[in-house]
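Number of protein chains: 2
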Amino acid sequence: MDSTLAEWLRARLEEPSPGPAYRRLAHLLQQAILSGQLASGAKLPSSRALGADLDIGRNTVTRVYEQLHAEGYVLAETGSGTYVADTSPARMPQAAQRAERRPLRDHLRLSPRGRRTIELAGVGKRQWGAFMPGVPDVTEFPLKAWMRLQNRVWRSVRPELMTYAQGGGYRPLRRAVADYLRLARAANCQPDQVIVTTGIHQSLDLAMRMLCDVGDEVWIEEPCYWGIRNLLLSSGLKTVPIPVDGEGMAPTAKHLARPPRLIICTPSHQYPLGMVMSLARRRMLLEYARQHDCWIVEDDYDSEFRYGIRPLASLQGLDQHGQVIYVSSFSKLLFPAMRVGYMVVPAALADLFAQGIAELYREGHTLLQAILAEFIDEGYLGTHIRRMRSLYAERREVLLAAVRARYGERFPVLGGESGLHLALALPHLGDDLPVALKAQELGILTRALSGYYNTARAVQRGLLLGYASVPSERIGPAFDTLAQAIDAFDPRARRR
Amino acid sequence: MDSTLAEWLRARLEEPSPGPAYRRLAHLLQQAILSGQLASGAKLPSSRALGADLDIGRNTVTRVYEQLHAEGYVLAETGSGTYVADTSPARMPQAAQRAERRPLRDHLRLSPRGRRTIELAGVGKRQWGAFMPGVPDVTEFPLKAWMRLQNRVWRSVRPELMTYAQGGGYRPLRRAVADYLRLARAANCQPDQVIVTTGIHQSLDLAMRMLCDVGDEVWIEEPCYWGIRNLLLSSGLKTVPIPVDGEGMAPTAKHLARPPRLIICTPSHQYPLGMVMSLARRRMLLEYARQHDCWIVEDDYDSEFRYGIRPLASLQGLDQHGQVIYVSSFSKLLFPAMRVGYMVVPAALADLFAQGIAELYREGHTLLQAILAEFIDEGYLGTHIRRMRSLYAERREVLLAAVRARYGERFPVLGGESGLHLALALPHLGDDLPVALKAQELGILTRALSGYYNTARAVQRGLLLGYASVPSERIGPAFDTLAQAIDAFDPRARRR
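Chains as they are written, first to last, in the numbering used here: chain S, 1 to 496; chain U, 1 to 496.
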């Protein structure tokens with residue numbers, strides 16, 4: 001055995017391969033033991049003998065043996081030698097032995113909810129380019145100012161900013177966000193009520209975990225942001241799609257008869273259709289939630305960008321009974337990969353949510369939060385929003401002009417008064433997905449409007465076009481390319 | 001009405017208050033409408049008249065009216081005037097009216113799982129100081145090198161690093177982690193198999209959502225890291241605590257007769273007791289998982305820090321059938337608030353997990369990932385680990401010496417061969433929690449060992465002491481302070 005082993009090892013050690021001899025020898029011996037080539041109880045050659053056979057220093061072999069011993073591959077008996085340990089799973093208790101060998105069924109071995117997550121997947125491979133909806137112009141971000149603040153924060157860092165976080169977020173950022181929301185969104189909040197998250201998904205996830213149980217019903221808008229369906233279903237909640245009308249989410253008497261645990265809505269700018277929830281509807285929802293102990297989640301994802309009039313006040317600011325959870329993020333104000341969002345929770349829940357987020361996610365990114373707090377305090381956020389608002393307003397005009405120039409009034413434009421996108425309705429189309437796929441082939445990113453619906457009834461067809469990240473001079477040519485895809489499928493498009 | 005309204009408004013506008021007249025007037029009118037002081041249908045004075053009465057420019061009043069109109073508070077009829085809109089919830093459909101007014105029950109209005117999350121909460125308010133377990137010495141982090149790389153990455157940033165991420169993490173970081181794990185942990189992985197997360201919590205959460213369903217059983221070690229209990233329960237999974245012995249997780253025949261969906265274990269360094277899982281046990285678990293289609297999650301949280309011998313190879317590297325999910329993070333190698341972790345999934349699941357993480361969390365922090373990739377590629381990670389290993393080894397010696405100097409061999413020390421902490425067993429103590437609380441009063445952070453157990457049976461008592469973040473010269477004095485708390489409760493401690 002000794003000489004066979006040495007020969008086998010030598011042949012393999014001579015093969016060109018990266019890494020030091022020590023690591024390679026250890027690896028080869030492990031493989032030989034695991035595969036059974038070196039059987040349980042076999043005695044290994046002495047380190048001196050093996051070293052000589054392999055032309056390797058004795059100390060190297062000794063270190064390898066020590067390592068194998070520490071890992072349990074071999075037993076060392078003082079004065080007697082080194083033996084292969086018995087580690088074969090044959091020692092496993094009886095109950096474990098019964099099952100047959102079964103082939104793995106890769107994809108199928110995801111759980112049902114894992115499979116559904118993949119089936120409902122909506123995130124595209126490309127996240128930058130005309131007319132990707134929901135993406136701001138990240139090239140306009142004030143990099144230099146940010147880097148200056150970043151260096152300042154890092155230079156004076158304290159250990160408290162680098163260790164585990166306490167829950168709720170970095171205090172000065174919570175204060176800065178509360179100040180901002182009171183002014184810009186007429187929100188009614190103290191810094192304690194602000195919980196810093198990594199974005200809307202984490203905010204919703206925390207709300208669901210703290211306020212809902214498996215099986216609870218949640219109202220969502222129909223249509224709605226595709227991302228929350230997966231999140232809700234994956235958490236074991238039941239979604240109840242509520243149609244929207246010109247005043248926003250419009251539950252019918254049948255819906256109202258069965259109060260949900262949570263109501264998720266986008267009052268400032270319905271996603272994706274763009275209407276604003278009327279004051280009457282807001283008051284109705286608040287009163288309904290009060291009577292039935294529901295929670296309302298207000299998703300206020302891009303309300304800062306309104307063209308013509310100031311942003312509307314938030315639903316949270318109207319809430320007198322502490323039932324609204326306000327969620328938003330800096331993804332569309334600054335840049336998406338920053339992953340800083342926040343929620344404003346009723347005062348009675350503030351400490352509980354701060355504790356809950358620490359437990360469930362162990363948050364951090366505290367230095368990033370510190371830089372962002374200074375960025376807001378020094379006025380860069382306000383300046384950037386104002387700059388972007390006029391830039392996006394211009395791009396919106398250019399896109400609207402391109403639509404009108406090509407199609408006149410044939411296709412209604414929805415929700416263009418605010419936000420980063422508009423919806424081009426294509427009501428005569430049987431299916432809008434082929435148009436989006438064709439556009440993608442031509443290099444233009446859009447989303448088919450039908451993809452935002454949860455049920456097959458009353459689906460609007462069209463395309464969501466994000467204009468915010470597209471330079472004005474690129475919009476016309478990009479729309480002409482997109483129009484080829486529309487013309488290929490829509491019978492009305494070709495009627496000039 | 002007109003003059004009363006003007007008077008009421010004038011009185012309030014005269015009160016000293018921040019913000020421009022425009023915003024204050026809008027706010028006052030909104031309040032008057034919401035409270036019913038201005039009833040539905042009431043006609044507002046003309047902007048000219050109200051402006052004159054309040055000594056405010058007419059244009060300001062016009063803007064306020066436009067804003068109120070946009071928000072739905074008033075109706076504007078051309079040529080006729082401005083009227084308060086009917087937005088009272090009395091218009092709500094019948095079904096919603098039935099419920100009685102019920103008082104809110106703040107805390108109680110958390111869902112049952114939300115309440116349990118708070119009840120099981122383990123995150124402390126202080127996260128820095130002697131002897132906080134699991135915290136590395138963040139003050140030793142190579143700040144200057146990091147800032148240099150950070151500025152380099154930010155200066156050459158591309159839009160793709162700032163927009164939404166695609167799923168799985170920044171490619172060069174996935175490659176750097178795969179290279180690192182193959183060398184340092186004998187892992188068997190390609191870059192595609194590495195999924196970058198925000199830490200162990202997110203890694204576990206993703207594994208649970210992709211591989212388990214509500215009601216599935218999960219084996220956890222008894223005792224185990226307190227943080228995962230909450231996470232598992234909050235996801236609707238059932239935890240089955242499996243006792244550990246000297247070789248690690250030790251399922252009995254009864255356990256083996258009922259295969260779980262997932263097995264979570266800490267083979268390199270059992271948390272919190274510190275034993276290493278034997279090779280025989282590793283092979284048994286792998287074989288059992290293969291036979292019963294279970295998944296194994298290997299939590300490898302601090303295996304880099306072993307004193308005396310190289311880190312042991314990972315369980316993942318032994319896996320021949322693609323059933324091990326390896327999870328770890330940079331929290332203990334670099335600093336916790338960085339929030340970069342990773343998982344290595346079997347090749348068959350790589351794309352599915354990359355898609356799943358994008359769907360469920362919309363990850364990002366891409367610039368941070370880019371900086372970290374360069375940090376690893378330029379060798380800073382390796383250098384830092386080596387420096388910290390010798391620093392922590394020294395601190396561990398100092399703490400062991402302090403224990404021995406004070407208590408001789410009276411209290412066993414567990415798991416001190418590796419990691420960032422050791423467990424000081426206090427076997428004669430009825431309850432270890434009062435000791436930890438007393439220590440906290442004295443300014444020393446520890447965790448009671450009993451807090452890591454899920455059932456009341458066979459609980460070890462003692463304290464978890466983290467030494468990694470405590471400068472050597474602070475360890476002796478801090479331990480003397482801690483000893484006051486031990487002496488106050490443990491009858492054996494005082495027997496000198």
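Quick reminder that beta carbons are idealized off the backbone N, C-alpha and C, glycines included.
Note that the coordinates shown come from a computational prediction; the quantities given were computed from them, not determined experimentally.
Per DSSP, the bridge partner or partners of residue i
i	result
residue 283/S	Partner(s): none; residue 283/S has no beta bridge.
residue 77/S	81/S
residue 243/U	222/U
residue 447/S	464/S
residue 295/U	262/U
residue 44/S	82/S
residue 57/S	The partner list for residue 57/S (beta bridge, DSSP) is empty, contrary to what the question assumes.
residue 249/S	244/S
residue 217/S	238/S
residue 306/U	418/U
Short Cβ contact (8 Å threshold) for residue i with residue j
i	j	result
residue 367/U	residue 161/U	yes
residue 234/U	residue 48/U	no
residue 324/U	residue 343/U	no
residue 369/U	residue 173/U	yes
residue 89/U	residue 283/S	yes
residue 41/U	residue 279/S	no
residue 199/S	residue 331/S	yes
residue 479/S	residue 400/S	no
residue 181/S	residue 371/S	no
residue 217/S	residue 453/S	no
residue 130/S	residue 317/S	no
residue 201/S	residue 339/U	no
residue 462/U	residue 493/U	no
residue 68/S	residue 229/S	no
residue 270/S	residue 297/S	no
residue 38/S	residue 84/S	yes
residue 66/S	residue 117/U	no
residue 450/U	residue 395/U	no
residue 23/U	residue 13/U	no
Assumed close pair residue i, residue j - CB separation to whole angstroms, cut-off 8 Å
i	j	result
residue 281/U	residue 304/U	Contact flag wrong, Cβ pair sits at about 22 Å.
residue 274/U	residue 466/U	Their Cβ separation, rounded to whole angstroms, is 12 Å, which puts residue 274/U and residue 466/U out of contact at 8 Å.
residue 374/S	residue 153/S	7 Å
residue 446/S	residue 464/S	6 Å
residue 337/S	residue 364/U	4 Å
residue 433/U	residue 423/U	Incorrect: roughly 15 Å between the Cβ atoms, too far for contact.
residue 197/U	residue 206/U	7 Å
residue 315/S	residue 267/S	5 Å
residue 54/S	residue 6/S	6 Å
residue 239/U	residue 159/S	That belief does not hold up - the Cβ atoms of residue 239/U and residue 159/S are roughly 33 Å apart, past 8 Å.
Contacts of residue i in chain S (Cβ-Cβ under 7 Å)
i	result
residue 242/U	Chain S residues near residue 242/U: none, gap ~13 Å exceeds 7 Å.
residue 283/U	87, 88 and 89
residue 268/U	Going along chain S, no residue has its Cβ under 7 Å from residue 268/U, so there is no contact; the nearest lies around 10 Å.
residue 219/U	Residues of chain S passing the Cβ test: none, with the nearest at roughly 13 Å.
Contacts that residue i makes with chain U (C-beta to C-beta distance below 8 Å)
i	result
residue 127/S	160, 163, 164, 165 and 166
Per-residue contacts from residue i into chain C (C-beta, under 9 Å)
i	result
residue 440/S	Chain labels in this structure do not include chain C; the protein chains are S and U.
Chain-ordered chain U contacts of residue i [CB-CB under 9 Å]
i	result
residue 209/S	111, 113, 114, 117, 234 and 235
Residues that residue i contacts on chain S, provided the C-beta gap is smaller than 8 Å
i	result
residue 335/U	162 and 163
residue 213/U	111, 112 and 113
Chain S residues whose Cβ lies nearer than 9 Å to that of residue i
i	result
residue 365/U	198, 337, 338, 339, 365 and 368
Every unbroken beta strand (DSSP E) inside the stretch 368 to 438 of chain U [3 residues or more]: You should have 421 to 425.
4 or more residues per run - each alpha helix (DSSP H) lying fully within the stretch 310 to 373 of chain S: 350 to 361
If we require 4 or more residues per run, which alpha helix (DSSP H) segments fall completely within the stretch 99 to 156 of chain U? Correct list: 112 to 119 and 143 to 155.
Minimum length 3: unbroken beta strand (DSSP E) runs contained in the stretch 154 to 215 of chain S: 194 to 197
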